[in-house]
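Quick note on this note's numbering: the sequence shown kicks off at 116 and runs consecutively.
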Amino acid sequence: MTVVVLGSVNRDVVCEVSRLPSPGETVLASGTRTNLGGKGSNQAVAAAKAGALVEFVARIGEDPDPSLRKSLCEYGVGIEAVREVPGARTGTAYITVAAGENQIVVDPGANFHWETEAELDASVAAELIATAGVVVAQLEVPVRVVAWAAGRARRFILNAAPARELPTDLLHRCDPLIVNESELATFTGTAVTSPRDAFDQARLLCARGVPAVVATLGAAGSVWVRRAGATVIGGYQPAPEIRSADSTGAGDAYVGALATALAESDDLPAGVAFATAAAALAVQSPGTHAAYPTRDRITAALATLPPAARLD
């Protein structure tokens, strides 16, 4: 089944430093690189490398660098629904990386220039979304566009990043809603300090009507919760112990791999394990797209995962 990713495209400007700067402080970079990024393109590439047939719905600036499209095509991402916005510039992300951690500032540019709902309904994107096995979106594009896609998808996955207040009817279409600790706390108002905290807060969201929630916890792994009739079930998948070289885009590797797994099977625990293995591989190399693992590497890495645990 096809995975459609609707989301952002950015030029990433990445600076390597010995440590992240404090407020008001200047530090010198040891190197700088520019590459294709944005949560949308990251997740599209991650899903394609994980084995999915991927179509990407996005907006880029007028007269963009031709390498943007070329790079997506080289990874096997369909770009029929990637459109240029007249008078707009392609989004840009400024990323500082030190010892595997990062700070990111995003100038959204064309990512926030979309057509009206009626115009979107008449676009090729509408047909791609309606026929896809899974549709994935994030929040680096307008919420109205995300809600439009959710209302036309067979199965909709939302990576709620960067976190913001969302309409209740949109949350009720997320199967699953994918959040990290801070994003989960934004929705529940309660800090997350452990996998049990994450599980309890995710379960609360399910009780409020979200069909399923996956909370990623970085090196601690992730938890999943799903409504099953009148009950809520869930579990915890620890991550393997690895040495992180660069965490930039690791969450996107996770989302892309999970979307691939769920396009093939409705087994959420197995999908979470597949995504955990993908993210663990991704952080062991610098960068994003080139660091994302292929399906065979992810499948092999499943054997390195600690055992999952059922939570209730």
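We put the CB at the ideal spot given by N, CA and C, even for glycine.
Nothing here was measured: the structure is a model prediction, and the numbers come from that model.
Selection from the options that minimises the alpha carbon distance to residue i
i: Asp381; options: Val249, Glu216, Leu235; result: Val249
i: Cys130; options: Gly122, Ser145, Thr141; result: Ser145
i: Leu332; options: Ile348, Thr346, Arg341, Ala306; result: Ala306
i: Ser137; options: Thr211, Cys188, Asp427, Ala334; result: Thr211
i: Ala98; options: Glu379, Gly350, Leu383; result: Residue 98 falls outside the range modelled here, since the chain spans only 116 to 427, and no answer is possible.
i: Thr147; options: Ala241, Gly139, Val128; result: Val128
i: Ser182; options: Asn157, Glu170, Leu151; result: Leu151
i: Lys154; options: Leu135, Pro201, Asn226; result: Asn226
i: Glu230; options: Tyr209, Ala214, Val197, Asn217; result: Val197
i: Ala334; options: Arg323, Tyr351, Arg204, Pro355; result: Pro355
i: Arg267; options: Val258, Ala240, Ile293; result: Ala240
i: Phe314; options: Gly366, Ala418, Leu299; result: Leu299
i: Asn125; options: Met116, Thr149, Asp361; result: Thr149
i: Asn217; options: Ala423, Glu189, Pro401, Arg204; result: Pro401
i: Ile219; options: Ala165, Ala275, Arg174, Ser362; result: Ser362
i: Glu280; options: Ala418, Thr303, Trp263; result: Thr303
Residues bridged to residue i [DSSP beta-bridge criterion]
i: Val249; result: Val118
i: Asp411; result: Paired residues: none, contrary to the question.
i: Gln456; result: Outside the displayed range of the chain (116 to 427) lies residue 456, so it cannot be described from this structure.
i: Glu432; result: Residue 432 lies beyond the residue range present for the chain, which begins at 116 and ends at 427; the question has no answer from this structure.
i: Phe271; result: Val250, Cys289
i: Glu170; result: Val119, Gly193
As assigned by DSSP and simplified to three states, the class of residue i
i: Trp263; result: helix
i: Ser337; result: strand
i: Arg311; result: helix
i: Arg428; result: No statement about residue 428 is possible, as the shown extent of the chain runs from 116 to 427 and does not include it.
i: Thr331; result: strand
i: Tyr369; result: helix
i: Thr403; result: coil
i: Gly215; result: strand
i: Thr231; result: coil
Supposed contact pair residue j and residue i - C-beta distance, whole angstroms, cut 8 Å
i: Ala394; j: Ala416; result: Rounded, the Cβ-Cβ distance is 10 Å, inconsistent with contact.
i: Arg341; j: Ala327; result: 4 Å
i: Gly371; j: Ala162; result: 4 Å
i: Ala208; j: Val221; result: 5 Å
The ligand COA heavy atom lying under 7 Å from the CB of residue i
i: Gln352; result: In the structure shown, the ligand COA is absent, as is every other ligand, since no ligand is present at all.
Below-8 Å beta-carbon distance, residue i vs any chain B residue
i: Leu286; result: Given the protein chain composition of this structure (a single chain), no chain B is represented.
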